[in-house]
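One structure is given below, encoded as structure tokens.
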Amino acid sequence: MVPNIAVKVGITISLLLFPFLSFAHGTIRPWQSIWSAWIYTPDVAIPMLLTVVVYFRGRAKRREAGRPVSKGQTITFLLGMLCFVIALQSPLEPLSEHFLFFHQIEHLLMRGLGPLLLILSMPLAPLLQGLPKAIRHSILTPIIRNKPAQWLYKVLGHPVIASILFIATLLIWQIPDLHNRALTDQSLHNWMHFTMIITGFFFWWLICDPRQESSRIPFGIRIIVLWLVTIPNTIIGAMITLKRDQIYTGYDVLDGRLAIEIMLDQQLGGIMIWGPGGMMGLIGTAVVFFAGLARTESCTLCNTLPLKRSIKNC
1 MVPNIAVKVG ITISLLLFPF LSFAHGTIRP WQSIWSAWIY TPDVAIPMLL
51 TVVVYFRGRA KRREAGRPVS KGQTITFLLG MLCFVIALQS PLEPLSEHFL
101 FFHQIEHLLM RGLGPLLLIL SMPLAPLLQG LPKAIRHSIL TPIIRNKPAQ
151 WLYKVLGHPV IASILFIATL LIWQIPDLHN RALTDQSLHN WMHFTMIITG
201 FFFWWLICDP RQESSRIPFG IRIIVLWLVT IPNTIIGAMI TLKRDQIYTG
251 YDVLDGRLAI EIMLDQQLGG IMIWGPGGMM GLIGTAVVFF AGLARTESCT
301 LCNTLPLKRS IKNC
């Protein structure tokens, strides 16, 4: 069984390394069909493919050991990976450089839906077991014992810090001057995606952590946190949607190739932050509610059993 500290540091490693997959950008040429503008960047596609391979290798090992990963978890994992494929390798990626609307869809997948689904799939055990032993012993073990890595997890995983950083990445990157500059500065654009993904993973791990005893906040407080972080979505989304002047001048909407004018694009982008962005809070609330309900039912059942061991396991 993986020690608790190994779980924590393993989570930190996963959350810190996965955002590097965000370094993908493509272009839509004048002669090219928009919906055929799929891109292939080896530094993104290969790590994602290897992640899936390692996951299924670990899944097979757990099945052989009598601790199988459920089909639901596997489907959830694949859906989470699909979110990142769509965000980083599909036509959505090059479109996001021309439309605020598509850019906000990309951000929703990278900081919201993708991390949420991957964390709900609880992939850490199959991913760790899917790695070759040499890698686990020569790379993971030293990192697990590394004090700075443990400290970094505690800091980034702190409920207040994780929540503030999650909100901050939304608000800061919507500042017009910074946002417009990120559209023309590749390094800044990569940094935008990196920070969104990493803060998304830490925030949704805080919210969806199924371990009540070792979690830093109880289920009830998680719901309050979720609704608090939706407030900035509502405010910034409404401001962008209702603004009558162009805020983000870096978008050219492909000179009308999709029959979407600049102001309509801005309104749709604001609605994406306002509506679906806020809906993530509702989805998260449902997840926390049912997780807490399942936990309560499990402990109620254990309290009816005479075995102290069963009660202790709750």
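Mapping of the sequence shown onto the UniProt record's numbering: position 234 corresponds to residue 234, and the numbering continues sequentially without gaps. From the three backbone atoms N, C-alpha and C, an ideal C-beta is built for every residue, glycine too. Bear in mind the structure is a predicted one, so any value in this text is a computation, not a measurement.
Rounded separation between residue i and residue j - CA only
{"i": "Gln267", "j": "Asp43", "result": "34 angstroms"}
{"i": "Trp173", "j": "Ile197", "result": "13 angstroms"}
{"i": "Ile262", "j": "Leu124", "result": "43 angstroms"}
{"i": "Phe289", "j": "Asp252", "result": "43 angstroms"}
{"i": "Ile34", "j": "Leu95", "result": "8 angstroms"}
{"i": "Leu254", "j": "Leu100", "result": "12 angstroms"}
{"i": "Ser310", "j": "Asp177", "result": "Reliability fails at Ser310, whose pLDDT of 37 lies under 50, so the model's placement of it is uncertain and the value that follows must be treated cautiously. Their backbone Cα atoms lie some 58 angstroms apart in a straight line."}
{"i": "Thr41", "j": "Leu109", "result": "18 angstroms"}
{"i": "Ile161", "j": "Ile217", "result": "13 angstroms"}
{"i": "Arg222", "j": "Gly284", "result": "9 angstroms"}
{"i": "Lys71", "j": "Cys83", "result": "18 angstroms"}
{"i": "Ser36", "j": "Asn146", "result": "46 angstroms"}
{"i": "Pro159", "j": "Phe203", "result": "8 angstroms"}
{"i": "Tyr121", "j": "Gly220", "result": "The displayed chain sequence assigns Ser, not Tyr, to residue 121. Their Cα atoms are separated by approximately 22 angstroms."}
{"i": "Leu258", "j": "Ile175", "result": "26 angstroms"}
{"i": "His107", "j": "Val287", "result": "21 angstroms"}
{"i": "Glu64", "j": "Thr195", "result": "38 angstroms"}
{"i": "Trp274", "j": "Leu116", "result": "19 angstroms"}
{"i": "Met272", "j": "Leu264", "result": "12 angstroms"}
{"i": "Glu152", "j": "Gly256", "result": "Sequence check: residue 152 is Leu here, not Glu. Near 46 angstroms, if we compare the C-alpha coordinates of Gly256 and Leu152."}
{"i": "His179", "j": "His98", "result": "13 angstroms"}
{"i": "Gly278", "j": "Ile143", "result": "36 angstroms"}
{"i": "Met73", "j": "Gly80", "result": "It is worth fixing the name first, because residue 73 is Gln in this sequence and not Met. Each residue's alpha carbon lies about 10 angstroms from the other."}
{"i": "Met48", "j": "His193", "result": "16 angstroms"}
{"i": "Trp227", "j": "Ile164", "result": "13 angstroms"}
{"i": "Gln150", "j": "Leu282", "result": "32 angstroms"}
{"i": "residue 358", "j": "Trp191", "result": "Nothing can be reported for residue 358, as the shown portion of the chain is limited to 1 through 314."}
{"i": "Val52", "j": "Met280", "result": "25 angstroms"}
{"i": "Phe102", "j": "Gln246", "result": "16 angstroms"}
Proximity test, residue i beta-carbon vs the ligand HEM heavy atom, cut-off 7 angstroms
{"i": "Lys71", "result": "The ligand HEM is not part of the structure shown, which contains no ligands of any sort."}
Where residue i falls: helix, strand or coil (DSSP)
{"i": "Met122", "result": "coil"}
{"i": "Ser90", "result": "coil"}
{"i": "Asn146", "result": "coil"}
{"i": "Leu131", "result": "coil"}
{"i": "Leu242", "result": "helix"}
{"i": "Gln73", "result": "helix"}
{"i": "Thr300", "result": "Any reading at Thr300 must be qualified, since the residue scores a pLDDT of 46, below 50, and its modelled position is unreliable; no value is offered."}
{"i": "Arg257", "result": "coil"}
{"i": "Phe194", "result": "helix"}
{"i": "Glu64", "result": "helix"}
{"i": "Tyr153", "result": "helix"}
{"i": "His98", "result": "coil"}
{"i": "Ser187", "result": "helix"}
{"i": "Asp177", "result": "helix"}
{"i": "Thr199", "result": "helix"}
{"i": "Ile224", "result": "helix"}
{"i": "Leu307", "result": "At Leu307 the pLDDT is 38, less than 50, meaning the model places this residue with poor confidence and gives no usable figure here."}
{"i": "Ile236", "result": "helix"}
{"i": "Pro218", "result": "coil"}
Expected contact under 8 angstroms - CB spacing of residue i and residue j to nearest Å
{"i": "Arg62", "j": "Val69", "result": "6 angstroms"}
{"i": "Thr169", "j": "Arg111", "result": "7 angstroms"}
{"i": "Phe77", "j": "Leu118", "result": "6 angstroms"}
{"i": "Leu92", "j": "Ile105", "result": "6 angstroms"}
{"i": "Gly114", "j": "Phe166", "result": "Their Cβ separation, rounded to whole angstroms, is 14 angstroms, which puts Gly114 and Phe166 out of contact at 8 angstroms."}
{"i": "Ile236", "j": "Leu171", "result": "6 angstroms"}
Residue range of the alpha helix (DSSP H) that includes residue i
{"i": "Tyr40", "result": "No alpha helix (DSSP H) holds Tyr40; DSSP gives it neither H nor E."}
{"i": "Gly250", "result": "Neither: Gly250 is in no alpha helix (DSSP H) and is coded neither H nor E."}
{"i": "Ser163", "result": "Pro159 to Trp173"}
{"i": "Met110", "result": "Run containing Met110: none; DSSP gives neither H nor E here."}
{"i": "Ile139", "result": "Note, Ile139: premise wrong, no alpha helix (DSSP H); not H, not E."}
{"i": "Gly270", "result": "Ile262 to Trp274"}
Interface flag, residue i vs chain C, CB-CB below 8 angstroms
{"i": "Ala125", "result": "The structure shown contains no chain C, having only a single protein chain."}
Does the region 55-64 come close enough to the region 128-142 to have 3 or more Cβ pairs within less than 8 angstroms?
The region 55-64, when compared against the region 128-142, does touch it at the 8 angstroms Cβ threshold.
Taking 8 angstroms as the threshold, find out whether the region 174-189 comes into contact with the region 237-253 through three or more Cβ pairs.
Contact between the region 174-189 and the region 237-253 is present: three or more C-beta pairs spanning the two stretches fall below 8 angstroms.
The region 230-242 touching the region 203-210, judged by at least three CB pairs closer than 8 angstroms
Too few Cβ pairs lie closer than 8 angstroms, so no.
Is it a yes or a no for the region 138-156 touching the region 225-233, going by three-plus beta-carbon pairs under 8 angstroms?
no
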